Each structure stands twice: as structure tokens, then as C-alpha cells.
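Chemist:
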Amino acid sequence: MTGPTPVPSVPPVLSVHGLSVRFRMPGGRRVAAVTDARFDVAAGECLALIGESGCGKSVLASALLGLLPGNAQTAGRALLGDLDLLAADERTFARTVRGRLIGLVPQSPAAHLTPVRTIRSQVEETVAELTGVRGRTALREAAEAAAERAAFPVDHLDRHPHELSGGLAQRAATALALVGDAPLLLADEPTTGLDRDLVDHTVDELRRHVDKGGSRALLMITHDLAAAERIADRVAVMYAGRVVELADATAFFGPPGPRHPYSRGLLDALPDRAFVPIPGLPPELGALPDGCAFAARCDRASDACATLPPLRGEVACHHPHAALTEAVDRA
Amino acid sequence: MLELRTVTAGYDRRAPVFRDVSLSVAPGEAVGLLGPSGCGKSTLARVAALLHRPDAGALVLDGTPVRRWRHGAPRALRTAFGVVFQQARLSADPRLTLADLVAEPLRATGRRAQAADRVAELAATVGLTTDLLSRRPHEVSDGQLQRACLARALVLRPRWLVCDEMTAMLDASTTAALVRVVEDYRAGTGAGLLAVGHDRVLLDRWCDRTVEWASVVPTTRN
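Below, the structure written as C-alpha cells:
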């Protein structure tokens, strides 16, 4: 929330235009996992992509990293500098993207780290692979420096992943993600299952890496609204594969509040707010309605919602909440 | 009354996870147990739900100490508990459809005949559609699977519910929905609840009283 305001003349680190992902399923079924997603992430900025599980957030991350399975079809563009990630081949991803242009902070560090090798050996391998450092002593020093950057205690480097607490394993994974000095950090549910103190600590560290130098951008995919509120500059809300709202984080979590009824519902479900669930379930991505996918669960739905609302301005809804209604009501 | 009296438990007798913990839950009461990860609160929840034999101390249920655990516990006692775990994926047999998953406790206790009705009733309660009931765990989201796991915990109408980080993997809306299902069930049946977690805001909102892990463990002898 304290990040520098993006300057319009500087191109964003990541620019996603009309990104769609379809999965071809047996029997000719098609699953629309992501549809027409568009957003930018600027240098020094943290964009939180939030939404319920199964809304397509992680598929979007996989698309950016070239990790989609073989039955996926993509459309649109995702520009990282001059490179269109959706048109890149596996060789490009392996040699220039993963670790070098995009550092991935994984969902489950315990599953991301190799269980049979020490953290030191994994950091050294990553350093050797991604940087020009050569020679045993130099590698050892570089690995220790990398661990320190992620606040991983150097005296724990000789441990195996199972000997680390959840927080330290998360830092080890973050250390690996930072080694390549990638302009884009992609954190996919970095706080799932961690307790609140660790969540705060983990996201604060991610924020710190973005603030340091100001040239790095962070795309954090999460369903943890408290974590998003803590560090995000902007918020993109995803529902049923579409970005339905793009908002400034302060306005989104603060008095004006979100404009899309779905985003409001998500915030109202928080235990420190109304603690009221959104009725119903998200629709199946293989059988989306023609109109607004949220209409069936929405108390503002009308006949107009049978047609798909485009993302106008910052919100894709026929009946959005006014930008300042609540603030005016309270005044 | 569900009482844990100076319970010591763990996975190695020489190094128990915790010593001399005492905690009680009255009928109809909702108690939240709050602690950081790794403190032993899940092990305590397992003891309270008859799933783990403590090394010392007693679990006293309505005045009677529990003597047998896990499969050895008498059926009437075992079925008095409904348990929901943190990781729905790990607590659901991947070969069963969600309908079979919810009906499993009925089958295991010879009440197969009730299965169809009870499953339909509970599916509506937890918000699962008919279409989802015919799927297997890998075909549904974490939130949908946890809804089925909660239905399974309620299917035998337990007097006690033990929820171990039931919502830690879930989004805000699913969390609020599942807590509401638990509270509606408790309001209808007077069941007691032990909810274990690390989210103070959630437990304070959900439970009648929230107990800190540090307050149930006697100060360490050094």
C-alpha cells in the first residue's frame, strides 16, 4: 500500500491482454478456466489476484509460466517486456523465463523443495544455474548471500526440508525464487495453511523485495484477503475465470469498498466483518451461463444480467455499487 | 461434559508433544482452542475425538473415563463424535463419490437404508448440488470437498464435533458458509464443539469462548 505510484510513461513489467485458457476434455467438453483476463503489473507494485478456490487463479499462473498441460489452448497476450509468454516455446521458458524473468514463490514449499537434499545444495544448484558464479567457495558464498536476502538463517542451510518449520521452508523457497533477480515475482497462494503471524511475516517479506530497488513487480495469487489487504497496491478479483473488478487496494478494503457485488460478498464473509457467506456455489467452469456468471448468487441481479457485462472502467457488472455510496452514507 | 484431565500425549513416550493439558467442553458449548502451528493442538483434538490414545491422563465423557480408543472404542462412543480435519484431500477416500463419502459412516454402522435420504438432506444443508454428489474428490474443489467432509461428520448426528483447522485451506465465503452449517446443527441438536485453529478473529467470532494453548499447558518445568 506504500508502493510508488506507477508512472504512465514506464511500461508495466507484466501486461496481460485478453488472456484465455480452455481445456479440452474427453467427450468434447471444454472448460473455460480463464476468460479474457486483462491487467498490468508495474515495477514496484504488488497486484493481488483474489478469488475463491477453483476460479482459475492458479491456471492463470501456470499459463504465465508455460506449465499448462497438453490439453490446454490459450488466446490473448501476456507481455513480459517484449516477450509474449503465451507464444513462447518450452525452450524459451526453460532458458530465459523460469527463474530468470519470473521467480515463482510456490504454494507449498514442502512440496516444492527436494526432500532428499539440503537447502544449501538446492540454493547452490539454483545459483549455479541462474547466475555466472562458478567455483566451490564462490558458490558457497553466493548461496549464503541468497539465503540472507530471504532472511533464511545461514546456520540452517545444511538442514533437509523436513527439519524446517513451515515459515523457514517458505523462506527457503523464497530464497530460490529471488536468486535469478527476476523482474516479476509470482507468488501462488504463498500463505495457504500458515498461521497468522507467519502469513504476515511471509507477505511482508514479499513486499520488502518489491520495495527494494523498486524495479521488481509482484503478482500475488491468493484467497487470503487479509494477506492481500496487508501488502497489495491494487486488487484484481476473479470470478468464474474472469477478472470482474480491478481496484485500488485502499479503496477496495477501505470505506468506499468494492464495487462488484461478488467482491462485496467476499469481504462480508470475513469473520471480522459480517461473517455472512455468499449464497450458493460458484458455477462450473465447464458449463458457464451466457450472461453474468455471478447473477445466480447475486441480490442485485435483473434481466440485464442475462447478457455478459464487459469490464467497463474497473468493474464488470450491470449493477455495480457506486464508487462512493457507502462513504457518503456514513458521512 | 467432555473433559481432558491432565492429558499427556505424543508419538514417542520419551518425548511427548504436550504434558498435563486440561480442557473441558460443556454440552452445547463451543470452545475454540487457539495455538500456533506445531504446538500440539491437533494431537489434542485427536485425543478428544478418541482417535489417539494419550500416554497419561484421562478423557472423561459425561463422567465416565474413556478406556478404549480408535477402533477399539465402543461404537456408541465413537459415533458420538464428528470430526472434520484441515486437509479434506487427505481425509477423503479418492475412490468414493461424494455421495458415498457422506454415506460411509451410515454403511459402517449398518444403517445403509437411511443413506439416500440422509445424504440428500445433508447435501442441501452443506450446499452441495446433486451433480457434485456423483463426482469423486479429484473432480471437485477443496471447498466443495470440505463441504462433503462436514456432511460426513454430521451424518450420524454426533453429540460432539471436533473441527481441526476445518477452514484453514478455504476462502472467506466457504469458511463463513461451513461455520454457519456447524452452528445451525448445534442450535438444532445442542451438540458441543471443540474448534482448533490459529485464527483468533475467526475463533472469537465463532465460539462461546476461546482458549489460548498457553493457558491449557502448565508452565514448563525447567
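Heads up: the sequence lines are chains A and B, in that order.
Okay, so the first sequence: first residue is 28 according to our numbering, each after it adds one.
Okay, so the second sequence: first residue is 16 according to our numbering, each after it adds one.
Cβ atoms here follow ideal geometry from the backbone N, Cα and C, with glycine treated the same way.
Because the structure is a prediction, the values reported are computed rather than measured.
When you compare the CB of threonine 219 of chain A with every CB in chain B, is at least one pair closer than 9 Å?
Modeler: yes
Chemist: Step through the CB atoms of chain B and report whether any lies within less than 9 Å of the CB of proline 298 of chain A.
Modeler: yes
Chemist: Excluding the five sequence neighbours on either side, which residues of its own chain have a C-beta within less than 8 Å of the C-beta of alanine 107 of chain B, listed in chain order?
Modeler: Leu116, Pro152, Leu160, Ala163 and Cys164
Chemist: I need the DSSP call for arginine 198 of chain A, collapsed to helix, strand or coil.
Modeler: Note: arginine 198 of chain A maps to helix in three-state DSSP.
Chemist: Please classify tryptophan 221 of chain B: does DSSP put it in a helix, a strand, or coil?
Modeler: Annotated three-state conformation of tryptophan 221 of chain B is helix, per DSSP.
Chemist: To the nearest angstrom, how far is it from the Cα of valine 237 of chain A to the Cα of alanine 254 of chain A?
Modeler: 15 Å
Chemist: For chain A, is any of its Cβ atoms less than 9 Å away from the one on arginine 201 of chain B?
Modeler: no
Chemist: Let me check understanding here. Comparing Cα to Cα, which of B:Gly47, B:Leu38, B:Leu148 and B:Ala95 lies closest to leucine 65 of chain B?
Modeler: B:Ala95
Chemist: Considering only residues of the same chain and omitting the five flanking positions on each side of arginine 122 of chain A, which have a CB-CB separation below 7 Å?
Modeler: none
Chemist: Verify whether the separation of the beta carbon atoms of histidine 287 of chain A and valine 271 of chain A is less than 9 Å.
Modeler: yes
Chemist: If we cut at 9 Å on Cβ distances, does aspartate 224 of chain A have a partner in chain B?
Modeler: With 9 Å as the cut-off, aspartate 224 of chain A counts as an interface residue toward chain B.
Chemist: Closer than 9 Å, CB to CB, is leucine 95 of chain A near chain B or not?
Modeler: Under the Cβ criterion of 9 Å, leucine 95 of chain A is not counted among the residues facing chain B.
Chemist: Tell me where the alpha helix (DSSP H) around glutamate 171 of chain A begins and ends.
Modeler: 163–176
Chemist: Which residues of the region 47–68 of chain B have a Cβ closer than 8 Å to any Cβ of chain A? Give them in chain order.
Modeler: For the region 47–68 of chain B, which is checked against every Cβ of chain A, the residues closer than 8 Å are Pro51, Ser52 and Gly53.
Chemist: Note down, in chain order, every chain A residue with its Cβ under 7 Å from the Cβ of arginine 220 of chain B.
Modeler: By Cβ distance, chain A contributes Pro298 and Phe302.
Chemist: Interface residues of chain B around leucine 315 of chain A at Cβ under 9 Å?
Modeler: Per Cβ cutoff of 9 Å: no residues; leucine 315 of chain A is ~14 Å from chain B at best.
Chemist: Between the C-alpha atoms of proline 298 of chain A and threonine 201 of chain A, what's the straight-line distance to the nearest angstrom?
Modeler: Rounded to whole angstroms, proline 298 of chain A to threonine 201 of chain A spans 29 Å at the Cα level.
Chemist: Can you give me the Cβ contacts of valine 226 of chain B inside the same chain, cut-off strictly under 8 Å, excluding the 5 residues immediately before and after it?
Modeler: Leu38, Val46, Gly47, Leu48 and Leu49
Chemist: Roughly how many angstroms separate the alpha carbons of arginine 195 of chain B and arginine 220 of chain B, rounded to a whole number?
Modeler: 11 Å
Chemist: Can you give me the C-alpha to C-alpha distance between leucine 213 of chain A and methionine 16 of chain B, rounded to a whole angstrom?
Modeler: About 49 Å.
Chemist: Could you confirm whether any beta carbon from chain B is found closer than 9 Å to the beta carbon of serine 290 of chain A?
Modeler: no
Chemist: Go ahead and pull the three-state DSSP assignment for threonine 58 of chain B.
Modeler: helix
Chemist: Using a Cβ-Cβ cutoff of less than 6 Å, which residues in the same chain neighbour leucine 246 of chain A once the five nearest sequence positions on both sides are dropped?
Modeler: Val68, Leu74 and Leu213
Chemist: What are the boundary residues of the alpha helix (DSSP H) that includes phenylalanine 280 of chain A?
Modeler: 276–280
Chemist: Looking only at its chain, what residues have a beta carbon closer than 7 Å to the beta carbon of proline 109 of chain B, apart from the 5 residues adjacent to it on each side?
Modeler: Arg151, Pro152 and His153
Chemist: In whole angstroms, give me the CA-to-CA distance for cysteine 344 of chain A and arginine 215 of chain B.
Modeler: 34 Å
Chemist: From the DSSP output, in three-state form, read off aspartate 178 of chain B for me.
Modeler: Note on identity: in this sequence residue 178 of chain B is cysteine, with aspartate being the wrong assignment. Cysteine 178 of chain B falls in the strand class under three-state DSSP.
Chemist: Using the beta-carbon count (16 or more within 10 Å), is lysine 239 of chain A buried or exposed?
Modeler: exposed
Chemist: If you draw a straight line from the C-alpha of glycine 25 of chain B to the C-alpha of arginine 85 of chain B, how long is it?
Modeler: Inter-residue distance for glycine 25 of chain B and arginine 85 of chain B is about 15 Å (C-alpha atoms, whole angstroms).
Chemist: Using a Cβ cut-off of 9 Å (strictly closer), state whether leucine 308 of chain A contacts chain B.
Modeler: yes
Chemist: According to DSSP, what are the bridge partners of phenylalanine 100 of chain B?
Modeler: Paired residues: none, contrary to the question.
Chemist: Would you mind reading off the limits of the beta strand (DSSP E) that contains threonine 101 of chain A?
Modeler: 99–107
Chemist: Is glycine 292 of chain A helix, strand or coil by DSSP?
Modeler: helix
Chemist: Expressed to the nearest angstrom, what Euclidean distance is found between the alpha-carbon atoms of valine 355 of chain A and histidine 139 of chain A?
Modeler: Below a pLDDT of 50, predicted positions are generally treated as unreliable, and valine 355 of chain A, at 45, falls in that range; the measurement from the model is reported next regardless. When rounded, the distance between both Cα atoms is 48 Å.
Chemist: What residue range does the beta strand (DSSP E) around isoleucine 77 of chain A cover?
Modeler: Judged by DSSP secondary structure, isoleucine 77 of chain A falls within the beta strand (DSSP E) whose first and last residues are 73–77.
Chemist: Compile a chain-ordered list of the residues in the region 105–117 of chain B whose CB is closer than 9 Å to at least one CB of chain A.
Modeler: none
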